[in-house]
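Asks: Let me begin by handing over the structure; questions about it come next.
2 protein chains.
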Amino acid sequence: MYDYRAPLRDMAFVVKELLGLSAVSRLSDYEGYGEATDELFDAIQEECARFSQEVLSPLNRMGDQTPARMEAGAVVTAPGFKAGYEQFIAAGWNGLTAPVAFGGQGLPNVMGAPAEEMWHAANMAFTLCPLLTRGAIEAIHTVGTPEQRQRYLPQMVSGRWTGTMNLTEPQAGSDLAALRTRAVPENGHYRITGQKIFITYGDQDYTENIIHLVLARLPDAPAGVKGLSLFIVPKFLLQPDGSLGPANDLRTVSLEHKLGIHASPTCVLSYGDEGGAWGELLGEPHRGLEIMFIMMNAARFSVGVQGMAIGQRAYQGALEYARERIQGTPLGLSTAAPIVFHPDVKRMLSSMKARLEACRALSYYAGQMLDLALAEKDPTQRSWAQARSDLLTPIVKGFCSESGLWVANEALQVFGGMGYVEETGIAQCLRDARITTIYEGTTGIQANDLVGRKLLRDQGAMVRSLLTEIQAFLPELQHPALPGSLAQTLAHVLGLAEQSSVHLGKTALSGKLPQCFGVAVPYLHLLGWLVSGWLMARSALVAARKLQEGSQETDFYQAKIATAVFYAEHGMGVSTSLQRIVVGGGPALDGMNPEHF
Amino acid sequence: MYDYRAPLRDMAFVVKELLGLSAVSRLSDYEGYGEATDELFDAIQEECARFSQEVLSPLNRMGDQTPARMEAGAVVTAPGFKAGYEQFIAAGWNGLTAPVAFGGQGLPNVMGAPAEEMWHAANMAFTLCPLLTRGAIEAIHTVGTPEQRQRYLPQMVSGRWTGTMNLTEPQAGSDLAALRTRAVPENGHYRITGQKIFITYGDQDYTENIIHLVLARLPDAPAGVKGLSLFIVPKFLLQPDGSLGPANDLRTVSLEHKLGIHASPTCVLSYGDEGGAWGELLGEPHRGLEIMFIMMNAARFSVGVQGMAIGQRAYQGALEYARERIQGTPLGLSTAAPIVFHPDVKRMLSSMKARLEACRALSYYAGQMLDLALAEKDPTQRSWAQARSDLLTPIVKGFCSESGLWVANEALQVFGGMGYVEETGIAQCLRDARITTIYEGTTGIQANDLVGRKLLRDQGAMVRSLLTEIQAFLPELQHPALPGSLAQTLAHVLGLAEQSSVHLGKTALSGKLPQCFGVAVPYLHLLGWLVSGWLMARSALVAARKLQEGSQETDFYQAKIATAVFYAEHGMGVSTSLQRIVVGGGPALDGMNPEHF
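Note that the protein sequences, when read in sequence, are chains A and B.
Going by the working numbering, the first sequence opens with residue 17, and the numbers climb by one from there.
Going by the working numbering, the second sequence opens with residue 17, and the numbers climb by one from there.
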């Protein structure tokens with residue numbers, strides 16, 4: 017078993033040195049945000065690391081071995097989790113980025129992201145609960161009536177109640193148009209009837225109430241996704257005075273037996289077995305999907321962070337093992353030494369480290385764009401940030417979750433046979449990580465979103481803006497401490513991304529949409545390598561300047577440069593083959609006939 | 017739960033049409049081989065498919081859910097497995113490729129490989145037992161005395177006794193030089209003392225005896241791997257009349273709790289707690305590792321087949337699910353249809369199908385080379401085949417196991433959220449597949465073997481011979497039914513492999529061995545794409561000729577061409593980035609300092 021240590025220096029580098037302290041501090045001037053100062057950031061980081069390492073991480077393995085279970089129709093969570101949750105909310109972590117008006121600390125996402133990384137790395141199954149509560153808070157805060165905000169948010173921000181997201185039904189997974197759950201108006205509220213599956217923390221024994229956000233159809237609803245409305249359906253009804261009343265007409269039918277995240281109860285929920293669960297409409301009728309997407313986009317960003325985080329935990333385990341385990345004399349050394357010095361193990365760990373740093377930069381950067389989209393005062397800047405954030409969401413979700421899964425798999429490989437034995441805990445990382453490329457929309461769904469809604473819908477404007485910004489950055493990379501290959505690689509990948517984007521635009525215009533969407537995943541990965549590679553190059557430049565200025569942290573900054581170079585040489589090269597698939601792979605896909613598979 | 021169906025037509029295509037019937041038939045003339053005729057192949061295939069589908073596959077899930085366990089110091093296998101094993105040996109499957117003189121059928125590996133694929137796909141945890149027995153048979157057959165062969169082989173070929181391979185100790189995994197188990201001579205035999213771990217089927221309740229092959233050190237042994245000898249250590253001692261005597265001084269200490277292959281007991285074995293287990297020397301003293309490598313090379317080839325096989329099972333599950341599951345209207349269609357028609361799902365399944373066909377061709381081809389190395393009469397040809405087989409072994413093991421794991425992971429992705437639920441069985445495929453890139457030498461170990469012993473040791477002769485053969489084939493690809501891109505891609509990848517090989521040779525000559533071994537895995541993958549891509553191109557050519565000759569199987573042969581084209585366009589392109597790492601990635605790796613990780 018390997019403990020988790022929060023990589024605080026790396027996190028601070030991204031937030032304070034790469035993205036810029038100014039960006040954090042600027043936000044403190046904005047409405048709705050608390051004081052996001054340098055000192056507060058450091059204090060929160062330190063405290064969050066302590067909490068993650070000392071409270072959440074020690075529960076991680078127990079949660080895997082003793083999954084959440086059903087008892088007498090209710091969920092019993094894994095041993096220690098309820099107490100851990102109580103500590104989590106008592107320390108105020110639940111409201112870190114929530115609105116100040118409802119008891120939150122109102123901190124920006126760029127400060128919330130490192131905290132979220134620590135929680136997920138320490139205990140992913142635990143952290144799914146607050147993740148979903150935060151999404152529900154955001155939805156209610158954005159479109160709820162003043163009464164609804166007052167009724168639900170203080171309790172949810174404090175964490176005394178949790179929130180869930182109810183989309184999926186057995187026949188409706190990625191295809192939400194097929195949803196059948198019904199909502200019938202009755203005396204100013206609604207009666208909800210239907211079955212929902214895959215409801216994360218659909219029930220738990222942490223809190224006295226759970227606020228379910230449920231997609232359902234009104235009687236007059238049009239068919240398809242435009243006929244979905246969103247309802248607030250509490251587990252226990254609220255009395256006029258705000259106290260808890262009788263149980264609502266909903267029940268947990270069963271829990272899924274999953275590959276990983278065993279401590280997170282994945283519920284089948286049945287609404288309205290006794291005539292209909294009480295619900296109230298959130299937002300306008302038939303606009304449920306749009307509102308759910310507020311929650312979903314927040315969750316997609318968080319799952320990107322989560323993917324990177326679980327990869328970080330796995331990487332640390334592999335690194336620690338590779339530093340302890342002695343097997344023979346590595347090439348280039350003269351005596352027996354730990355396997356970290358074997359060239360192939362060093363290559364694996366270097367690849368993992370580079371990929372994680374790249375994903376950290378990418379996801380925190382996306383968090384910063386979320387902040388600016390919410391709080392930037394200049395409307396042009398705000399809408400620019402919204403567009404950039406919209407573009408980044410599927411990339412962060414897709415690329416960081418796939419990267420985290422890849423890292424967890426490589427980490428297990430470093431352990432060799434010991435990795436296959438559950439005892440070391442690395443197998444749990446892989447099993448836990450495996451869900452991140454699936455839930456909140458699979459990588460394929462993210463890629464469809466990227467190509468359909470982000471690239472094609474605005475004729476490439478969002479993508480062009482990104483490519484132009486990277487192009488404009490290239491000359492800055494001409495720094496004497498950086499190898500020319502860094503700029504060359506970035507310029508090369510930029511060109512590949514441009515060709516690929518143009519090709520997809522032309523293919524769409526010529527009516528061959530299936531070809532566009534058939535290569536959407538390789539395109540998403542290509543943009544992931546580009547944006548993360550750009551941020552890694554920027555990191556190298558920051559480091560080069562610090563060294564030039566005479567920083568004493570020479571090892572740290574030299575490692576930042578070396579890691580960016582490694583990422584370019586060993587990682588980003590795959591962009592060439594991705595571009596080849598995007599630009600040339602459509603006809604070969606057309607040639608495949610599923611009838612003959 | 018998705019059943020396994022043996023892909024008999026695809027298998028027959030590789031054996032009879034791609035590798036050539038003549039190659040199979042020719043072997044029937046060789047000493048030591050039975051009648052490998054066309055008719056026999058078809059009959060065996062059909063019977064093996066029936067057995068795999070009806071006997072082995074139905075046990076697969078039970079084995080996962082009810083792992084092998086310890087009871088009163090002995091292993092109790094999963095429910096149904098003992099009966100399955102009895103049927104397996106009663107039907108004569110255990111001796112399919114074993115020597116005729118000891119009761120086997122003496123069939124060539126090119127015919128054994130498809131059978132092995134079926135068994136592993138049907139039930140990987142089950143099939144590990146005969147896999148190891150076959151390796152032990154081969155070792156005893158190759159270097160055992162006439163008495164040893166007579167004493168052990170008839171029982172092992174029939175399957176009445178099983179065999180195991182005892183290498184690993186807690187401090188000695190990939191580094192066998194660190195082995196400590198001792199063997200002391202006594203009255204013409206030896207007393208063995210020490211602890212071995214990761215012993216697959218180190219104990220079982222299938223058979224009355226188990227023949228352990230154990231690496232240990234004699235008292236006068238030199239240090240390192242040149243001081244290892246191999247011993248035959250039966251679980252029960254043999255009386256002079258061949259009947260079973262008292263239990264030997266060895267015991268099963270515990271079983272590992274693993275990520276997958278739950279039905280396969282992975283044992284910690286302790287030898288000599290009561291003074292020393294009885295053992296007899298196999299082969300010459302201090303030559304144990306060489307002999308173990310006979311067994312290991314056979315096992316490495318088999319694990320390559322196994323990786324592909326478990327991928328095939330996963331692919332079939334994903335395909336079946338994608339043909340059933342309806343989610344919306346796929347682009348390009350006008351009504352709701354199964355997700356197999358969604359462009360991204362079609363791309364995933366196409367990639368999986370292509371990769372599996374490529375690995376099947378690669379592994380069966382390697383089986384054919386094993387046959388020729390064993391039975392070809394012309395000594396020049398035989399030693400050529402031995403060299404080719406030596407070159408292919410790490411490629412087959414590394415590339416096919418990594419590919420199988422990749423396929424299993426993609427297959428789970430096709431299932432979406434349902435894939436993460438253990439109920440569908442696809443998660444088991446991923447968990448089972450995960451071991452294949454580790455045991456019998458990790459991918460890193462295979463790559464070191466490839467670069468060190470295969471590429472550099474003979475100054476590139478083996479690799480050059482392969483590249484020359486592929487070069488000579490290129491003009492044949494100029495067929496009107498094949499797109500020119502097929503030959504272009506193959507030629508391109510051939511060039512990349514040549515540049516990479518030359519670069520590694522030069523780097524080694526300049527003394528930078530750590531750089532060579534630091535990029536050995538990408539080099540292994542590059543050669544894997546090359547050889548499998550060459551075989552896919554050859555498959556396309558075979559198909560084009562069949563169509564030209566007026567074959568009625570137009571769908572099948574057109575699919576073969578389309579799949580080869582897809583493999584070139586969507587798969588082989590990654591070779592460019594692999595070559596880039598091999599040729600240019602060494603310095604970036606040198607720049608990474610594990611002290612600063």
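Where a beta carbon is used, it is the ideal one built from N, C-alpha and C, also for glycine.
This one's a predicted model, so the numbers in the text were calculated from it and none came from an experiment.
For Arg303/A, does the three-state DSSP call read helix, strand or coil?
Replies: To locate residue 303/A, count along the first sequence from 1; it is residue 287. If DSSP states are grouped into helix, strand and coil, Arg303/A belongs with coil.
Asks: Leaving aside the five residues before and after Gln211/A along the sequence, list all residues of the same chain whose C-beta is less than 8 Å from its C-beta, in chain order.
Replies: Residue numbering aside, residue 211/A sits at position 195 when the first sequence is read from its first letter. Within the same chain, Cβ atoms closer than 8 Å to the Cβ of Gln211/A are found at Glu185, Pro186, Thr197, Val269, Val284, Leu285, Ser286 and Tyr287, the five residues on either side in sequence being excluded.
Asks: Under the assumption that Ala374/A contacts Met552/A (Cβ atoms under 8 Å), give the Cβ distance between them as a whole number of angstroms.
Replies: Stepping through the first sequence from its first residue, residue 374/A is reached at position 358. Stepping through the first sequence from its first residue, residue 552/A is reached at position 536. Correct: roughly 5 Å between the Cβ atoms.
Asks: Please confirm whether Pro130/A has its beta-carbon closer than 8 Å to some beta-carbon of chain B.
Replies: In the first sequence, residue 130/A corresponds to position 114, counting from 1. With 8 Å as the cut-off, Pro130/A does not count as an interface residue toward chain B.
Asks: So what does DSSP say about Leu502/A, is it helix, strand or coil?
Replies: For the purposes of this step, residue 502/A is taken as the residue at position 486 of the first sequence. If DSSP states are grouped into helix, strand and coil, Leu502/A belongs with the helices.
Asks: Less than 8 Å between the C-beta atoms of Gly151/A and His586/B, yes or no?
Replies: As a working note, residue 151/A is residue 135 in the first sequence. As a working note, residue 586/B is residue 570 in the second sequence. Not in contact: Gly151/A and His586/B (Cβ atoms no closer than 8 Å).
Asks: Going by Cα to Cα distance, which pick from Ile215/A, Asn125/A and His228/A is closest to Glu272/A?
Replies: Along the first sequence, read from residue 1 onward, the residue named residue 272/A stands at position 256. Closest option to Glu272/A, Cα to Cα, is Ile215/A.
Asks: Tell me which residues of the segment 246-275 of chain A have at least one Cβ-Cβ distance to chain B shorter than 9 Å, keeping chain order.
Replies: Glu272, His273, Lys274 and Leu275
Asks: Got a sec, what are the start and stop residues for the beta strand (DSSP E) Ala293/A sits in?
Replies: Start at 1 with the first residue of the first sequence, and residue 293/A comes out as number 277. Where Ala293/A is concerned, the enclosing beta strand (DSSP E) starts and stops at Ala293 to Leu298.
Asks: By Cβ distance below 8 Å, which residues in the same chain neighbour Pro262/B in space, the five residues on each side in sequence not counted?
Replies: What you label residue 262/B is simply residue 246 of the second sequence in a count that begins at 1. Phe252 and Leu253.
Asks: Tell me which residues share the same chain as Ile411/A and place their Cβ nearer than 7 Å to its Cβ, disregarding the 5 neighbours each side in the sequence.
Replies: If you number the first sequence from 1, residue 411/A lands on position 395. Leu466, Leu540, Leu543, Gly544 and Val547, listed in sequence order.
Asks: Just how far apart, CA to CA, sit Arg233/A and Gln429/B?
Replies: The sequence position of residue 233/A within the first sequence is 217, counting from 1. The sequence position of residue 429/B within the second sequence is 413, counting from 1. Distance between the alpha carbons of Arg233/A and Gln429/B: 29 Å.
Asks: Taking Cβ positions only, does Glu438/A come closer than 8 Å to chain B?
Replies: Locating residue 438/A in the first sequence gives position 422, counting from the first residue. In terms of beta-carbon proximity, Glu438/A lines the interface with chain B, with at least one pair separated by less than 8 Å.
Asks: Taking the alpha-carbon of Asp236/A as reference, which of Ala155/A, Leu244/A and Leu147/A has the nearest alpha-carbon?
Replies: Mapped onto the first sequence, residue 236/A falls at position 220. When each option's Cα is compared against that of Asp236/A, the closest is Leu244/A.
Asks: Excluding sequence positions up to five away, which residues of its chain have a Cβ less than 8 Å from the Cβ of Ser501/B?
Replies: Translated into the one-based positions of the second sequence, residue 501/B becomes position 485. So the list reads Val581, Ala584 and Glu585, once near-sequence residues are dropped.
Asks: Per DSSP, what are the beta-bridge partners of Tyr455/B in this structure?
Replies: For this step, residue 455/B is matched to residue 439 along the second sequence. For Tyr455/B, DSSP assigns no beta-bridge partner whatsoever.
Asks: By the 10 Å Cβ neighbour count, where 16 or more other Cβ atoms means buried, how is Ser419/B classified, buried or exposed?
Replies: Counting from one through the second sequence, the residue named residue 419/B turns up at place 403. By the beta-carbon neighbour count (other beta carbons within 10 angstroms, threshold 16), Ser419/B is buried.
Asks: Could you pull out every residue in the same chain whose Cβ sits closer than 7 Å to the Cβ of Thr351/A, ignoring the five residues on either side in sequence?
Replies: Along the first sequence, read from residue 1 onward, the residue named residue 351/A stands at position 335. So the qualifying residues of the chain are Thr345.
Asks: Does the count of Cβ pairs from the segment 97-112 of chain B and the segment 139-151 of chain B closer than 8 Å reach three?
Replies: The segment 97-112 of chain B vs the segment 139-151 of chain B: in contact.
Asks: Would you tell me roughly how many angstroms separate the C-alpha atoms of Glu70/B and Arg21/B, rounded to the nearest one?
Replies: Numbered from 1 along the second sequence, position 54 holds the residue referred to as residue 70/B. Numbered from 1 along the second sequence, position 5 holds the residue referred to as residue 21/B. When only Cα atoms are considered, Glu70/B and Arg21/B end up about 10 Å apart.
Asks: Go through its chain and collect everything with a Cβ distance to Pro359/A's Cβ below 8 Å, but skip five positions before and after it.
Replies: Position 343 of the first sequence, counting from 1, holds the residue named residue 359/A. Cβ-Cβ distances below 8 Å link Pro359/A to Pro346, Leu347 and Gly348 in the same chain, with the five nearest sequence neighbours on each side left out; the list follows chain order.
Asks: How is the alpha helix (DSSP H) around Gly433/B delimited, first residue to last?
Replies: Here residue 433/B refers to the residue found at position 417 when the second sequence is read from its first residue. Per DSSP, the continuous alpha helix (DSSP H) segment holding Gly433/B begins and ends at Gly433 to Tyr436.
Asks: For Ser526/B, count neighbouring Cβ atoms within 10 angstroms of its own Cβ and tell me buried if that reaches 16, exposed if not.
Replies: The residue you call residue 526/B lines up with position 510 of the second sequence. By the neighbour-count rule (16 or more Cβ atoms within 10 Å), Ser526/B is not buried but exposed.
Asks: Please list, in chain order, the residues of the segment 328-340 of chain B that have any C-beta partner in chain A closer than 7 Å.
Replies: Leu335
Asks: Output the residue ranges of the alpha helix (DSSP H) runs that lie fully inside the segment 471-502 of chain A and measure 4 residues or longer, sorted by chain position.
Replies: 477-489
Asks: Closer than 7 Å, Cβ to Cβ, to anything on chain A: give me those residues from the segment 201-214 of chain B, in chain order.
Replies: Phe214
Asks: Kindly list, in the order they appear in chain B, the residues whose Cβ is closer than 8 Å to that of Leu347/A.
Replies: Reading the first sequence from its first residue, position 331 is the one you call residue 347/A. Within chain B, the residues whose beta carbon sits less than 8 Å from that of Leu347/A are Leu529, Pro530 and Phe533, listed in sequence order.
Asks: Can you name the start and end residues of the alpha helix (DSSP H) that Ala391/A belongs to?
Replies: Walking along the first sequence from the start, residue 391/A turns up at place 375. Where Ala391/A is concerned, the enclosing alpha helix (DSSP H) stretches over Pro359 to Ala391.
Asks: Alpha carbon to alpha carbon, how far is Val558/B from Asp387/B? Give it in angstroms, no decimals.
Replies: Position 371 of the second sequence, counted from the first residue, corresponds to residue 387/B. Position 542 of the second sequence, counted from the first residue, corresponds to residue 558/B. Distance between the alpha carbons of Asp387/B and Val558/B: 23 Å.
Asks: Taking DSSP as the reference, what is the three-state secondary structure of Leu56/B?
Replies: As a first step, residue 56/B is located in the second sequence; it is residue number 40 there, counting from the start. Three-state DSSP puts Leu56/B in a helix.
Asks: So what's Lys413/A in DSSP terms, helix, strand or just coil?
Replies: Counted from its first residue, the first sequence places residue 413/A at position 397. Here Lys413/A sits in helix by DSSP.
Asks: For His228/A, does the count of other Cβ atoms within 10 angstroms reach 16, so buried, or fall short, so exposed?
Replies: Here residue 228/A corresponds to residue number 212 of the first sequence, with the count starting at 1. Buried is the call here.
Asks: Classify Ala90/B as helix, strand or coil using the three-state DSSP reduction.
Replies: Position 74 of the second sequence, counted from the first residue, corresponds to residue 90/B. Strand.
Asks: Report yes or no: do the segment 564-580 of chain A and the segment 439-446 of chain A share at least 3 C-beta pairs separated by less than 8 Å?
Replies: no
Asks: For the beta strand (DSSP E) containing Ile213/B, name the first residue and the last one.
Replies: Residue 213/B sits at position 197 when you count from the first residue of the second sequence. Looking at the DSSP string, the run of the beta strand (DSSP E) that includes Ile213/B is His205 to Thr216.
Asks: Around the Cβ of Glu62/A, are there at least 16 other Cβ atoms within 10 angstroms (buried) or fewer (exposed)?
Replies: Position 46 of the first sequence, counting from 1, holds the residue named residue 62/A. Exposed is the label assigned to Glu62/A, since fewer than 16 other Cβ atoms lie within 10 Å of its Cβ.
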